[in-house]
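Residue numbers (my numbering): 34 to 139.
Note that CB positions come from ideal geometry on N, CA and C, so glycine has one too.
The structure displayed is predicted, hence computed values, not measured ones.
Here the structure comes first, spelled out in structure tokens, and everything after it is commentary.
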Amino acid sequence: MRPIGKAEIDKMLDGRGRRYPATVYVHFTIARLYRIAAREFYQGTSKSEQAARLRSDTLRYQAGAFRRQVGPACADRHRGKIEEVCHLILRLRDRVPSARTIRRWL
Numbered sequence: 034m035r036p037i038g039k040a041e042i043d044k045m046l047d048g049r050g051r052r053y054p055a056t057v058y059v060h061f062t063i064a065r066l067y068r069i070a071a072r073e074f075y076q077g078t079s080k081s082e083q084a085a086r087l088r089s090d091t092l093r094y095q096a097g098a099f100r101r102q103v104g105p106a107c108a109d110r111h112r113g114k115i116e117e118v119c120h121l122i123l124r125l126r127d128r129v130p131s132a133r134t135i136r137r138w139l
């Protein structure tokens, strides 16, 4: 076994080219929310159909009812609906991923 040199140690400790842990956590949480929504609201359809519908629902909610300035709580009329999940996703990151990315997460 060869000894580890200073260059290898510096390379391991270098943070360039890697995502911050907070970003990884947000992506993980969004993926989990999409999986929960697919299981709850679109059970029995294919992964491609689930991804397309989830993206469509999130885009529709983003364009209509979602307001970032209002506050962290979702409106009571959306409780238990797909809009509640869309609200949680958009509160984490105000950007809707592509259907391909959502399908990969499912």
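- Spanning the alpha carbons of GLN95 and LEU123 requires a straight line of approximately 7 Å.
- In this model, ILE69 and ALA84 are separated by some 12 Å (Cα to Cα).
- Fewer than three Cβ pairs drawn from the region 78 to 93 and the region 39 to 54 lie within less than 8 Å of each other, which leaves the two stretches out of contact.
- Between LYS80 and LEU139, the C-beta gap is smaller than 8 Å, which places the two residues in contact.
- Burial state of GLU73 is exposed, judged by a 10 Å Cβ sphere holding fewer than 16 other Cβ atoms.
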